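Numbering (the working numbering), first residue to last: 353 to 547. From the three backbone atoms N, C-alpha and C, an ideal C-beta is built for every residue, glycine too. Being a predicted model, the structure only gives us computed values, none of them experimental.
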Amino acid sequence: MYAALTKSAIIDAARTLFVERGYDETSVDDIARESNVSKGAVYHHFPDKQQIFADVYREATAAVTMKVAEEVAGTTAESWERVEVAARAAIQAYAADPDTLALLRQVTRVLGDERTKRLESELALPLIRGLLDEMAAIGQLRPFDTDIAAQLAFRVLCEASLIVAAADDPETAARESETVMLRMLEGLRAPVAGS
């Protein structure tokens, strides 16, 4: 129990510092001091600062994924609307959280492209794949391989999030990204009967 609390305190402190100062300007000593633990305790839980950042980013991505899942769960319709709700919720979740945007601006440089993709895929890709499988099961998805469609939709969503993170006006960028994303996803949708 104490170990889990210590690890959580380290992650919370590191998140604050990475957001306020940035990865490069934050040392392991700073993280230890901010979390009220020894430097040895930090290294007991994490092999290096990069792993601390990875865990901080994992938590932020998990929080966004949870928000999206909650929005989708709140949609009672068994229709394409669920896909639209998910896309909107994901982009808006990033746009609404300056801390997550700050982490997003740093993640590829800190963790590298492949590790970042792996981390994001672990958390968000299953949700997207599940939604597209659901749409295929009710005849609302064109006959595509849902795994490939989910991976491509996921990568576009990740890029949209990066655009929002880099924008001078994240709200406007989020609205525009949302519109473009929804138009792109519409190409996956099966034609509506009679149209």
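Buried or exposed by the 16-neighbour rule on C-beta atoms within 10 Å, applied to residue i
{"i": "Pro522", "result": "buried"}
{"i": "Ile490", "result": "exposed"}
{"i": "Met418", "result": "exposed"}
{"i": "Ser529", "result": "buried"}
{"i": "Ser513", "result": "buried"}
{"i": "Leu509", "result": "buried"}
{"i": "Thr390", "result": "Checking the displayed sequence, the identity of residue 390 turns out to be Ser instead of Thr. Exposed, by the Cβ-count rule."}
{"i": "Arg373", "result": "exposed"}
{"i": "Thr378", "result": "buried"}
{"i": "Ala406", "result": "buried"}
{"i": "Val435", "result": "buried"}
{"i": "Leu357", "result": "exposed"}
Span of the alpha helix (DSSP H) around residue i
{"i": "Leu540", "result": "Here Leu540 belongs to no alpha helix (DSSP H), and DSSP marks it neither H nor E."}
{"i": "Thr376", "result": "The displayed chain sequence assigns Asp, not Thr, to residue 376. No alpha helix (DSSP H) contains Asp376, which DSSP labels as neither H nor E."}
{"i": "Val389", "result": "Taken as a continuous stretch (DSSP letters only), Val389 belongs to no alpha helix (DSSP H), as it is neither H nor E."}
{"i": "Ser513", "result": "498 to 518"}
{"i": "Glu436", "result": "433 to 448"}
{"i": "Asp400", "result": "First-last for Asp400: undefined, no H or E at that position."}
Strand pairing of residue i, partner residues [DSSP]
{"i": "Leu493", "result": "Arg541"}
Cutoff 6 Å; reference residue i; Cβ partners in own chain excluding five residues on either side
{"i": "Ala525", "result": "Ile515, Val516, Ala519"}
{"i": "Asp451", "result": "Val371"}
{"i": "Asn388", "result": "none"}
{"i": "Gln458", "result": "Tyr375"}
{"i": "Ile500", "result": "none"}
{"i": "Ile404", "result": "Ala366, Phe398"}
{"i": "Thr460", "result": "Thr468"}
7 Å CB neighbourhood of residue i in its chain, flanking five on each side removed
{"i": "Gln492", "result": "Ser431, Trp432, Arg541, Ala542"}
{"i": "Val408", "result": "Ile363, Ala366, Arg367, Phe370, Leu455"}
{"i": "Ala445", "result": "Val416, Lys419, Val420"}
{"i": "Arg481", "result": "Thr498, Asp499, Ala502"}
{"i": "Val380", "result": "Lys391, Val394, Lys401"}
Closest residue to residue i among the options (Cα-Cα distance)
{"i": "Met487", "options": "Leu475, Ser473, Ala502, Ala476", "result": "Ala502"}
{"i": "Ala361", "options": "Asp376, Gly374, Ala393", "result": "Ala393"}
{"i": "Pro478", "options": "Val420, Ala448, Leu455", "result": "Val420"}
{"i": "Thr368", "options": "Ala441, Asp382, Leu483, Arg494", "result": "Asp382"}
{"i": "Arg440", "options": "Ala425, Lys401, Gly539, Leu534", "result": "Leu534"}
{"i": "Val424", "options": "Ala412, Ala438, Ala414, Glu411", "result": "Ala438"}
{"i": "Arg410", "options": "Gly464, Glu472, Leu504", "result": "Glu472"}
{"i": "Val544", "options": "Thr428, Lys469, Thr358, Arg494", "result": "Arg494"}
{"i": "Arg470", "options": "Thr413, Ala384, Asp400, Thr428", "result": "Thr413"}
Spatial neighbours of residue i in its chain, beta-carbon cut-off 8 Å, leaving aside the 5 residues before and after
{"i": "Ile443", "result": "Leu509, Ala512, Ser513, Val516, Ala526, Ser529, Glu530, Met533"}
{"i": "Glu538", "result": "none"}
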